[in-house]
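In this note's numbering, the protein residues as written are -12 to 376.
For glycine and all other residues, C-beta sits at the position ideal for the given N, C-alpha and C.
Please read these numbers as outputs of a predicted model, since none were measured by experiment.
Scroll down for the structure; my scribbles are underneath it.
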Ligand code: DNO
């Protein structure tokens, strides 16, 4: 009997992506993870636009399996005035996607900033480049660029000392680069401004962690009917990195957070995107323990590795190297997948900028060759674990 394999997927930013759908085919993925990044957050995605993207993907012989992301507008996360009408828009977008047959949706509930790194070209010994997160660089930005009140209270003394040294040493260009990197978010969407970030930090301070948790539950309850009626599965992406930064609350970082989210709206549509790189950035997270509590609700996976140092800084390592035990993760994921009628899609999350891609302009983390390597390694790992086809 043929064994259940995970669906090999690939993030594609759309026609502007320097990695073409032909490249994706050559890498061996069969399904695409995509989003209509050009539509401003909060607006309804028209059926015609969804169909057009779907057609482009299908014309290349691929399928559109997951939407990553339908972004949750800040007004929903903070539940301010516009939230009620924005929820109506969100629901309409879900209906429209479902009417086109696209029913797995990834989203996050991270305040203001999506994933955060302090460097996008951290050079590894072999010359490849990786994404990097360094606490003293974050502190440097926080203290001297953002100038957040009481920021110094959030960092250990060694980190503050290092940040002060860097402040004396960094050139204006280096400071500007650091600022851009932190504010960037998704490459094809616009970066946030310092003013907006400061204003949002004040709003989230007011709201607090519990307030944000309640707003997530409110959001999930609001969309529950539409998801159930249309067979939509929502998958929350873990916080990246999985701890508070810049004074912003975090609610999807640890095992308890996921237990809270899944129990809070205990319905099958309420699922998780199991992102090993995000969760693995915290030494406190036991990934297999987290997987065991969420596994039935995992409808999407991001497989990536990280290498941490003693100070909690980390770079993105090769997919089969680093602090995440990818072998054990794959064993657990494959076992769960074996019981599924619909295989779980996974994508090699990020990849090093390497070989020819070092000379190209690529989306940070999303160049072709590093991900191709990651995908090849992961599919081989899976096949070995399954013991054949
Ligand atoms: C980073 C990605 C995230 C993810 C969103 C999901 O590379 O994994 O940006 O797409 O957080 O909403």
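Setting aside the 5 residues that flank it on each side, residue 200 is surrounded in the same chain by 238, 247, each with a C-beta closer than 7 Å to its C-beta; the list follows chain order. Collapsing the DSSP output to three states places residue 83 in a helix. Per DSSP, residue 340 is not a residue of any alpha helix (DSSP H), being assigned neither H nor E.
A residue is called buried when at least 16 other Cβ atoms come within 10 angstroms of its Cβ; residue 292 meets this threshold and is buried. Residue 300 carries a coil assignment under DSSP once its states are collapsed to helix, strand and coil.
Distance from the Cα of residue 147 is smallest, within the candidate group 375, 123, 135, for 123. For the options 303, 100, 53, the alpha carbon positioned closest to that of residue 115 is the one of 303.
CA-CA distance, residue 112 to residue 208, rounds to 48 Å.
In this structure, the straight-line span from the alpha carbon of residue 20 to that of residue -2 is close to 5 Å. Assignment of beta-bridge partners to residue 258 by DSSP yields 222.
Nearest Cα to residue 212 within the set 10, 256, 186: 256.
Of 317, 262, 50, the smallest CA-CA separation from residue 374 is found for 317.
Excluding its 5 nearest sequence neighbours in each direction, residue 323 has C-beta neighbours in its own chain below 6 Å: 282, listed in chain order. With a threshold of 16 other beta carbon atoms within 10 Å, residue 191 meets it and is buried. About 6 Å separates the CB atoms of residue 349 and residue 5; that is less than 8 Å, so the two are in contact.
A distance below 7 Å between beta-carbons, with the five flanking residues on each side excluded, links residue 154 to the following residues of its chain, in chain order: 127, 131.
Distance check between residue -7 and each of 310, 97, 325 places 325 closest, using alpha-carbon atoms only. Residue state for residue 241 is assigned as coil, using DSSP reduced to three classes. Note that the segment 82 to 96 touches the segment 214 to 230; at least 3 beta-carbon pairs, one per stretch, sit closer than 8 Å. Ranked by Cα distance from residue 25, the options 2, -11, 197 are led by 2. Contact check for residue 364 against residue 274 fails: the beta carbons are separated by 8 Å or more. In this structure, residue 205 and residue 66 form a Cβ contact; the two beta carbons are roughly 7 Å apart against a cut-off of 8 Å. With a threshold of 7 Å, the Cβ atom of residue 102 counts as near the ligand DNO, since some heavy atom of the ligand is closer than that. For residue 206, the uninterrupted alpha helix (DSSP H) segment begins and ends at 181 to 217. Relative to the non-hydrogen atoms of the ligand DNO, the Cβ of residue 24 never comes closer than 7 Å to any of them.
Cβ-Cβ separation between residue 217 and residue 328: approximately 18 Å, too far for a contact (criterion under 8 Å). Take residue 196, set aside five residues on each side of it, and the residues of its chain with a beta-carbon closer than 7 Å to its own are 236, 238, in chain order. Straight through space, the alpha carbons of residue 277 and residue 244 are spaced by roughly 10 Å. Listed as beta-bridge partners of residue 247 by DSSP are no residues whatsoever.
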